[in-house]
Every structure is written in structure tokens, then in C-alpha cells.
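Undergrad: The sequence shown begins at 799 in my numbering and counts up one residue at a time.
Each residue gets a CB set at the ideal place from its N, CA and C atoms; glycine is no exception.
Submitted below is the structure of interest, expressed as C-alpha cells.
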Amino acid sequence: MALPGSSLNRRIFLIPGFKCHECFITISFNSVRQGTHILFREFSFVQATPHNRASFLRTFWRCFRTVGKNGDLLTAQEYHCLLQLLCPDFPMELTQKAARIVLMDDAMDCLMSFSDFLFAFQIQFYYSEFLESVAAIYQDLLAGKSPNTVIVPTSSSGQHRQRQPPNDCNPLEGVEASLFYQCLESLCDRSKYSCPPSALVKEMLSSVQRMTFYGFLMALAKDQGINRALGALPDKGDLFLDPAMDQEIEKLVAQVSGLSVSGPASSSADTANMPVRNSPRINSPWKPLHHRRKMDAESEGSNEETDSSEN
């Protein structure tokens, strides 16, 4: 099996004098274990495995949790710019789908809190193939097909199917929750992609009689049991707590503060010991505008005198 960034690995192994292959392999696997191996990689690599997806979610949270900590509200486009800082070719379509879970019927340029977007993005990104199949099932149920005739998309059939968001803005619309769950249970049993725990989905749908598509996605995003089962993000109450990261930031701030305190004293001492040089003063060719105007007026006057003297 090729290591992450195998082309880079081969180039490093060819560097003259680089003999510590074991050290490099250790560093490479440690980055995979810590989840930092997905940084600045192409989207095809970031979404390749469930571990990579969870690592990307965790990294996005750790890098930008201060956005939510400060109470800032951003648009979908702004959140997409943050995602592209970690993955330059991250598709805008995926960001818009996550934003639609939060905004529902609101305009796509509306502001969203960091926590709302993050948990919606987690469901959309990690369970992307599952949600495509759920959309197909929901549309078939809206069309009046019985559970026995609904075709449950497999991993191959639902992979490239474009989701057509159902119009479920009316709370009285939707499908019968029990029939919906029967189809989703069959989907979870047959799908080769990651799916939410069926027991949690059953608990979610058993509490209502009817369910809309985006209502289901919002319920998935808000369910802390599903969040814990996925294991990438902390609970919502602990979303802005990261002691390890805070400790690292405090160390960096202390180092910067130490440099700023010692900087002026050392620089002043160095300045006192330096010999004094009298550098020649060079007149600048640029003159103030009012001075230039005065000079122009004088030159025009001298020209007039010259002309009159010649006459």
C-alpha cells in the first residue's frame, strides 16, 4: 500500500544523504494517526477514506473554532474560503449543500454561526453518498411508491447521482416516517459507504409521524448521539474547548511577548554601542506641490521679462 503522498516520499528518498528511511516512515504514519496528513491535499485524497474525512473535519474545527468563539457569523462563501485554506480544490457544491441544511428556505447569502455550519457540514461531508441515496428514496416516496417497490441505490448507483432537493418547505408535507425508516434501514444494510447508526435513525424517526427531507438532515446534524458515533467533533457544549491547542497558543503568545519585551532593550543597547556616522544629506528631487507651483510662477515671470527685454 502506498504511503500518503507517495510521490513526495519517493522524491525525499532520492535526496542525497537522506538515509533515515525509518524515521521518515515513522513521521508519515504519525501524521496519519494525528490526522494532519490531509492538510493542503487535493479533494480526492481528503474524501478517499472515512479516516481522512474525520481528520479533515477535526482539523477544520481546530483551525477555525475561534470564529465561533468570537461569535462571528459568516456566509456560505466565506466558510468555503476557510475550507479552501485547508483543501484548495474543495468543491463549492458541497459547501452549498451543507449551508442549505442550515438555511432551509433562506437565501444562500444569509449568515450562519460556526457551530450550525460545522455540524451540518459534518453530516454532509462524512455521509455524502448516504445522503445522495436518501434523496433518491425520499423522491420516490413522494411520488407514491410503496416501500416494496422503492429501489434502494447501492454504492455504485448512487455515487454520481445528482441530488434534486425536494420542495418540503411546508411542514405538512413530507413522507410517513415509518415507511421512510424501512427504506433507510435497508439502505444502511446494503450500502458500502458510511451510514449513521440505524438505531439512532430509528429513534429519531419514531418520534414523529411525518418527516421532510431537510428536516431529516437537520435532525441528523443536531443529534449528539450521531456526532459521538462519528467521533470527529466534540459535543456542542465543548465545541470551543481545546486544551491542547490552547496550551500551544499560550506558548506562542508567551514567546512573542518575550521577544517584544526584550527587543527594544537589546536594540537600544546595540544602538548605543554603534559608532555615529554623519551621512551626507541628499536633497530630494520631489518638492511639495505649493513649492513647485511657486517655482513655476517665478519661471513664467522670468520668461516674460526675457521676452520683453528682447523686444
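Here's the rule: buried if 16 or more other CB atoms are within 10 angstroms of the residue's CB, otherwise exposed. What is ILE935?
TA: buried
Undergrad: Looking at ASP1040 and ARG839, is the spacing between their C-beta atoms short of 9 Å?
TA: no
Undergrad: Within a Cβ cutoff of 8 Å, which residues of the same chain sit near GLY1029, ignoring the five residues on either side of it in sequence?
TA: ALA852
Undergrad: Please classify ALA896 as buried or exposed, where buried requires at least 16 neighbouring CB atoms within 10 angstroms.
TA: buried
Undergrad: First and last residue of the alpha helix (DSSP H) that includes GLU764?
TA: In this structure the chain extends from 799 to 1109, so residue 764 is not present and cannot be described.
Undergrad: Let me check understanding here. Comparing Cα to Cα, which of VAL865, CYS908, PHE923 lies closest to LEU892?
TA: PHE923
Undergrad: Of the choices GLY1023, ASP1044, MET1043, whose alpha-carbon is the least far from that of LYS1034?
TA: GLY1023
Undergrad: How about SER992 and GLU983: are their beta carbons less than 9 Å apart?
TA: no
Undergrad: Go to CYS981, then tell me how far its alpha helix (DSSP H) extends in each direction, as first and last residue.
TA: Run containing CYS981: 975-988, per the alpha helix (DSSP H) assignment.
Undergrad: Could you tell me the distance, in whole angstroms, from the CA atom of VAL999 to the CA atom of TYR979?
TA: Pairing VAL999 with TYR979, the inter-Cα distance amounts to about 8 Å.
Undergrad: How many whole angstroms separate the CB atoms of MET906 and GLN920, which I take to be in contact at a CB cut-off of 8 Å?
TA: In fact, because the Cβ distance is near 19 Å, the residues do not count as touching under 8 Å.
Undergrad: Quick check on the DSSP output: the alpha helix (DSSP H) that includes MET1130 runs from which residue to which?
TA: No information on residue 1130 is available, as it lies outside the stretch 799 to 1109 that the chain covers here.
Undergrad: Going by beta-carbon coordinates alone, are SER989 and SER931 separated by less than 9 Å?
TA: Cβ distance < 9 Å, so SER989 and SER931 count as in contact.
Undergrad: Give me the residue from GLN1053, VAL973, LEU916, VAL1054 with the minimum Cα distance to LEU1018.
TA: LEU916
Undergrad: What's the call for MET890, buried or exposed, on a 16-neighbour Cβ count within 10 Å?
TA: Counting every other CB atom within 10 Å of its CB across the protein chains shown gives MET890 a total below 16, marking it as exposed.
Undergrad: Use the C-beta contact count for ALA1042: other C-beta atoms within 10 angstroms, 16 or more gives buried, fewer gives exposed.
TA: Result: exposed.
Undergrad: So what does DSSP say about LEU880, is it helix, strand or coil?
TA: helix
Undergrad: Short of 6 Å in beta carbon distance, which residues of its chain neighbour PRO969, apart from the five on each side in sequence? Order them along the chain.
TA: Bear in mind that a pLDDT of 45 at PRO969, under 50, signals an unreliable position, so the model cannot answer this.
Undergrad: Using three-state DSSP, classify LEU872 as helix, strand or coil.
TA: If DSSP states are grouped into helix, strand and coil, LEU872 belongs with the strands.
Undergrad: Distance, Cα to Cα, GLY770 vs MET1009?
TA: This structure gives no information on residue 770, because the portion of the chain shown stretches from 799 to 1109.
Undergrad: Let me know the secondary structure DSSP gives SER853 once reduced to three states.
TA: helix
Undergrad: Starting from the C-beta of LEU913, find all residues in its chain whose C-beta is less than 7 Å away, skip the five residues before and the five after it, and write them out in chain order.
TA: A quick correction: the sequence has Ser, not Leu, at residue 913. Cβ within range, chain order: GLY866, LYS1034, LEU1037.
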